[in-house]
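>
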Amino acid sequence: VRACLITDHFSAHQGVEDDDMNMLCLGGRITGNFLAKEIVEAFVHAKFKTEEKYRRRLDKVNALEKR
Numbered sequence: 001v002r003a004c005l006i007t008d009h010f011s012a013h014q015g016v017e018d019d020d021m022n023m024l025c026l027g028g029r030i031t032g033n034f035l036a037k038e039i040v041e042a043f044v045h046a047k048f049k050t051e052e053k054y055r056r057r058l059d060k061v062n063a064l065e066k067r
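Taking my numbering, I'd label the letters of the sequence shown as residues 1 to 67.
(1) Give a yes or no on whether the C-beta atoms belonging to Glu65 and Ala46 are separated by under 8 Å.
(2) Pick helix, strand or coil for Ala46, following the three-state DSSP scheme.
(3) Taking the C-alpha atoms as reference points, what is the distance between Ala42 and Gly32?
(4) DSSP beta-bridge partners for Leu24?
(5) With DSSP run on the structure shown, which of helix, strand or coil describes Gly32?
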C-alpha cells in the first residue's frame with residue numbers, strides 16, 4: 001500500500017503519476033465536499049508514468065518494503 005494524506009488537486013494526481021500512490025487519505029475535518037470531489041477525480045484519472053526514473057524510484061521503495 002502506498003498511501004498519502006492529500007490536501008490539493010496537484011498532489012492527488014502527482015502522487016499517482018510519479019510515485020504510484022494507490023490509496024488516498026483525506027482529512028475529514030479540513031477537506032470540504034467540493035475539494036474532496038476534485039481530489040478524488042484527479043486521483044482516479046491519474047496514471048503512473050512509466051519513465052525509467054519513476055520505475056527506479058518505485059524499485060527503491062519495493063526494496064525497502066522487503067527488509
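Glycine residues also receive a C-beta, built at the ideal position from the N, C-alpha and C atoms.
The short version:
(1) No, the pair does not count as a contact, with Cβ atoms beyond the cut-off.
(2) coil
(3) 15 Å
(4) Cys4
(5) Coil.
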